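Trainee:
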Amino acid sequence: MPPNPSLRSIRLDCARLEDAAIDCLARPDLHELMLLNCDNISGRLLREVGTCQDLRVLSLNALAERRGLPISFSDLQQLLNGCSRLESLRLALDFSMFDDPNFSHVWASASEVLTSLEIGYIPTTMLLELLTVAMESQQCMHHVKGPVFFPSLQKLCLTVDFITDHLIGSISTALPSLTHLDLQDAPIIEPTTSSDLTNAGLQQINPNGKLKHISLMRSQEFLFTSFRRVNDPGILLMVEKCSNLESVCLGGFSRVTDTGFRAIIHSCSGLHKLRVSHGSQLTDLVFHDIIATSLCLTHVSLRWCNLLTDVGIERLSFNKDLNVLDLRDCRSLGDEAVRSLSCLPKLQILLLDGTDISDQALKNLGLGSCPLASLSLRGCRKLTNDCIPLLFSGSVKQSLQVLDLSRIPGITDDGIMLLARSRTPIIELRMRENPKIGDAAVMALASMLVDGGTHGSSLQLLDLYDCGGITPLAIRWFKKPYFPRLRWLGVTGSLNRVMVDALVRSRPFLHMACRGEELGNLYWDRSADWYRHDDDDLDELEQWILNGEPLPEGEAAMAAPVTVYGPMISPAVARVAACLLEKDVPFQVEPVDMSKGEHKSPSFLKLQPFGQVPAFKDSLTTVFESRAICRYICDQYADSGNKTLMGRKEDGAVGRAAIEQWIEAEGQSFNPPSLAMAFQLAFAPFMGRATDMAVVEQNEAKLVKVLDVYEQWLGESQYFAGDEFSLADLVHMPNTDLLVHKTNKAGLFTERKNLARWWDEVSARPSWKKVVEMQNPASTDVARVLTCLFEKNLEFELVRIDTFKREHKLPEFIKLRDPTGQVTFKHGDKTIVDSRAICRYLCTQFPEDGNRTIYGTGSLERASIEQWLQAEAQSFDAPSSELVFHLAFAPQLNIPADEARIAENEKKLQQMLNVYDEILAKNRFLAGDEFTLADLSHLPNSHYIANARSPRGKKLFTSKKHVARWYDEISSRPSWKQVVKMQSEHPGAFE
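Take the sequence shown: its position 168, counted from the start at 1, is 531 in this note's numbering, and no numbers get skipped.
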């Protein structure tokens, strides 16, 4: 920043700053300095800020945390000595790093006008020593003039080890002017009587009668515990001295009943804000006669109060001044509670996470009159897509700016499309951990117009973390000019890191979160107002899109330090790959040709002594056996990707045991029969062997018994080990996928309600979609390449490879390409094995031949074409390829129709074509008014579907006016007609 003598205030997110920025931040004329995410800045910042003698407000967060940078007691000392005019000091740091014999005495030099002090964490012993010195100085003041500690302090916010009677008494004595006391503890062991809060401690609060706000919270972060030694008499004694309170926050008072909570409501006539968490004995009776009081509650939070029902909320709704209401995790609340709230004239923020509401509740809100600005529905599992139009049918559409739809399995791309069509000016939208949200939702939001603005104009925050259908295509829709106001974006870490990093660099004001962290300043802020949510040039992202080149060899080696040995078609190899993708660990697959006995070679036996796949190697060790490898990945890369794959830290051994038992069940009970069936039904025919139906029947009988147990268990649990996807689910996926998609035994899973629901959710995860993509390249690649060759008027030689005779597995073909592939292009010394990459190569290598505009004539046109190429590859190809097989090829091979899979993929393709139809209403072709690769790439699958024996395929394209016009035009091109002719004359070339 340039010199500016008039600059008085700096508020900054320092996530990308280091020590080099300190001199720019510590300006002597500053009055206010508020810095977030100072992880990469050392303690020198404190020392330099100490030179800002006019500073009034200082707030620092996470200083020197991430890289173990130096920070010392002397840094704090210089800060306190230098900033003599500080009025507010907030240091969200661990003060144990300042442990020093002089720690207590240095505070005597702190500003005498300091009125507010907030400390992230301070050990109770250090705090008590400081308070003792402060009390001693007060006693000496009557005899000898000495230093004065905190003469003006009114607000104190701290997190300590234990809140104790001694601590409460010391604070009350040492700080007589306090009006605001906020204490939180987080015990790591169960408190003893001497290290806990009791009724006697509560009696010592507010001896001078000045307190307006009191907050006593016991965190469950490390140990599920509570203030067990406080009950109703303690609360009654406290409120006798605290009748002037305006704000009360109590968390973890498990033995306080309605009597204690009612005493607060009836004794504190000026109470405006009430917060209770983990009120395990709070019931509807608390609010039974609230109408008889003179209370004007504006902020109410009742988290984890599971005895509270709709009746209690109906009584609470008599308080018409409610502005903020937090009812998260009150699991007994339903639709009637929301109905009673829907007409509150001042309600702006409503949090209903984890409640038992249905679509009817959203209908009530939509028909109501409350001016909601923020609504959170996270984890309300009964909600469906129908709740979207119901919610936005009334006045809420005009006021709502923040919406949380996370962890709702019933919300799909269709629901988000309805949201986009409502044109509601949402500013923050959270949809994390929704298995059925995918690229179509992002495309709809990117195309959303609000009051004639630009694309996606209103969104400033979008959280898509762990949405099951999100692929690298979605990243491309965050490129300019889409989402112009976006400042926060959450995505799954296993997406293409090169694209993510390029996006960050191309949009420097966009904060990207890939590790599951929450975005913005969410919900209740204990230090503030309770609730805060809280160009024509070719940029780097465009360059990446246009080139599509791999990383240089040196960078690739650094990006993929992990190697997995074995063919991807192996279920065990797929299991390991899925785990690595979940953990966002870069890796490379080293093929092992088992037909040549490479798995028995001396070099491989050093990795896997039994000569089986997979084997795993990273910079530290080698591991064999797929489940052991997965466990190792979860432990060694614990802080990467999905951090709960092996359970949450706070669940400890109990949580891990819940996962381990199902991993063992999979290995011992599920894997043997399912793998035997998969081999006989899927692999044996491919290898030219006869299927042994006796083996199939014997193992099917065993598998049925296992699946019956699974069905019952999954009726009570979302996943095998609880409510979160874990390794227990992942290990089941390879064999399940084989049986569902490669055999005629899909009904074993799809005809069991709970198993079908589970499989739909887990198989929609981005990690598994990537595994399937690695296993199954498209079979229509040849047609795509031929069309491009004809468009460019290029001469070529077509070498027929008969896949049914397994000629694509011959050594002379394998040496050209990936042995699982279906198309290879050779031009001079250049060999390319991906159909879309081949088309790009043809267009760039022969720009003056044939159709010169097929790949655009400028960087912006090419970027637009690339977006649609990726849309085709990532979102259109998968469902259309399934329909090609089931509608076009399966009938010719006498394979029975799988109606469930046809219907599922019809729905997915329908969603994509809905988006296409809207685009094609404005454009002649997908990327503009010229036929390009964007259109060409869609032709092969579209042709097979539209010309299948079943009329339902053709209907997908003819039922949409603009899509029908587009398909008729592109399928009439001479290049495609020539390909169709070749297909009929030489079908082997396309197998």
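Glycine residues also receive a C-beta, built at the ideal position from the N, C-alpha and C atoms. It should be emphasised that the depicted structure is a prediction, and the values quoted were computed from it without experimental measurement.
Rounding to the nearest angstrom, what Cα-Cα distance links SER617 and PRO550 in this structure?
Mentor: 15 Å
Trainee: Since I believe SER680 is in contact with SER703 (beta carbons under 8 Å), could you give me their beta-carbon distance rounded to a whole number of angstroms?
Mentor: With 8 Å as the limit, SER703 and SER680 qualify as a contact, their Cβ atoms being about 4 Å apart.
Trainee: Could you give the distance in angstroms between the alpha-carbon of VAL1278 and the alpha-carbon of THR1007?
Mentor: One C-alpha to the other measures close to 35 Å.
Trainee: Compare the Cα-Cα distances from ARG878 to each of PRO433, CYS750, SER1037 and GLU796 and report the closest residue.
Mentor: Measuring from the Cα of ARG878, the nearest candidate turns out to be GLU796.
Trainee: Would you kindly report the start and end of the unbroken alpha helix (DSSP H) that includes ALA837?
Mentor: 835 to 839
Trainee: Quick one, are the C-beta atoms of SER1089 and ILE1022 less than 9 Å apart?
Mentor: yes
Trainee: According to DSSP, is GLU953 helix, strand or coil?
Mentor: strand
Trainee: Count Cβ pairs between the region 964 to 973 and the region 996 to 1005 that sit closer than 8 Å; are there 3 or more?
Mentor: no
Trainee: Quick one: using the 10 Å Cβ neighbour count with 16 as the cut-off for buried, is LEU1173 buried or exposed?
Mentor: For LEU1173, the predicted model reports a pLDDT of 38, less than 50, meaning its position is unreliable and no value from the coordinates is stated.
Trainee: Can you find the residues in the same chain that come closer than 7 Å, C-beta to C-beta, to GLY1051, ignoring five residues on each side of it along the sequence?
Mentor: Here GLY1051 scores only 48 on pLDDT, less than 50, and its place in the model should not be relied on; the value that follows carries that caveat. Cβ neighbours of GLY1051 beyond the five flanking positions: none.
Trainee: Measuring alpha carbon to alpha carbon, tell me which of CYS415, LEU380, ASP392 and THR414 ends up nearest LEU398.
Mentor: LEU380
Trainee: Under 9 Å, do PHE950 and PHE973 count as touching if we go by C-beta distance?
Mentor: no
Trainee: Return the residue from the list SER578, GLY597 and GLU1262 that minimises the CA-CA distance to GLN623.
Mentor: A small fix is needed here, since residue 623 is Gly in this sequence, not Gln. It is GLY597.
Trainee: Pull up the DSSP beta-bridge partners for LEU543, would you.
Mentor: Looking at the sequence provided, one finds His at residue 543 rather than Leu. Note: HIS543 sits in a beta bridge opposite LYS518 and HIS576.
Trainee: Helix, strand or coil for GLU381, going by three-state DSSP, please let me know.
Mentor: The answer is coil: DSSP assigns GLU381 none of H, G, I, E or B.
Trainee: Roughly how many angstroms lie between the CA atoms of VAL476 and PHE513, to the nearest whole one?
Mentor: Each residue's alpha carbon lies about 8 Å from the other.
Trainee: Which two residues bound the contiguous alpha helix (DSSP H) that contains ASP1192?
Mentor: It is not in any alpha helix (DSSP H) - ASP1192 carries neither H nor E in the DSSP assignment.
Trainee: Mind checking which residues open and close the alpha helix (DSSP H) that includes ILE1265?
Mentor: Its alpha helix (DSSP H) spans residues 1262 to 1283.
Trainee: Could you tell me whether the Cβ atoms of PRO1242 and LEU1289 are closer together than 9 Å?
Mentor: no
Trainee: If you pair each beta-carbon of the region 1301 to 1311 with each one of the region 1151 to 1162, do three or more pairs fall below 8 Å?
Mentor: no
Trainee: What did DSSP end up calling GLY344 once you bin it into helix, strand or coil?
Mentor: The requested residue 344 is not part of the displayed model; the chain covers only 364 to 1354.
Trainee: Take every Cβ of the region 1063 to 1077, pair it with every Cβ of the region 1031 to 1043, and state whether three or more of those distances are shorter than 8 Å.
Mentor: Yes, the region 1063 to 1077 touches the region 1031 to 1043.
Trainee: SER869: which of GLY883, TYR845, GLU881 and ARG1147 sits nearest, CA to CA?
Mentor: Looking from the CA of SER869, the closest CA among GLY883, TYR845, GLU881 and ARG1147 belongs to TYR845.
Trainee: Using alpha carbons as the reference points, say which of HIS1095, ARG848 and ASP1055 lies closest to PHE1033.
Mentor: HIS1095
Trainee: So, at 6 Å on beta carbons, what are the nonlocal neighbours of LEU1356 in its own chain, with the 5 sequence-adjacent residues on each side left out?
Mentor: Residue 1356 lies beyond the residue range present for the chain, which begins at 364 and ends at 1354; the question has no answer from this structure.
Trainee: State the beta-bridge partners of TYR484 as determined by DSSP.
Mentor: ASP457
Trainee: So, GLU791 versus GLN764, is the Cβ gap smaller than 9 Å?
Mentor: yes
Trainee: Does the contact criterion of 3 or more C-beta pairs under 8 Å hold for the region 485 to 505 versus the region 524 to 535?
Mentor: yes
Trainee: Of the residues LEU728, ARG990, GLN975 and ASN562, which one's Cα is nearest the Cα of ARG591?
Mentor: ASN562
Trainee: Under the three-state reduction of DSSP, which class applies to TYR928: helix, strand or coil?
Mentor: strand
Trainee: If MET498 sits next to ALA537, beta carbons under 8 Å apart, how far is it from one beta carbon to the other, in whole angstroms?
Mentor: The beta-carbon distance between MET498 and ALA537, rounded to whole angstroms, is 5 Å. This is short enough to meet the 8 Å contact definition.
Trainee: Taking Cβ positions, are LEU449 and VAL496 nearer each other than 9 Å?
Mentor: no
Trainee: Tell me which residues share the same chain as ASN571 and place their Cβ nearer than 6 Å to its Cβ, disregarding the 5 neighbours each side in the sequence.
Mentor: PRO539
Trainee: Can you name the start and end residues of the alpha helix (DSSP H) that GLY614 belongs to?
Mentor: No alpha helix (DSSP H) holds GLY614; the beta strand (DSSP E) holding it covers 610 to 614.
Trainee: Per DSSP, which residues does ILE373 bridge with? Please list them.
Mentor: LEU396
Trainee: Under a Cβ-count criterion, where at least 16 other Cβ atoms within 10 Å of its own Cβ denotes burial, should SER1227 be classed as buried or exposed?
Mentor: buried
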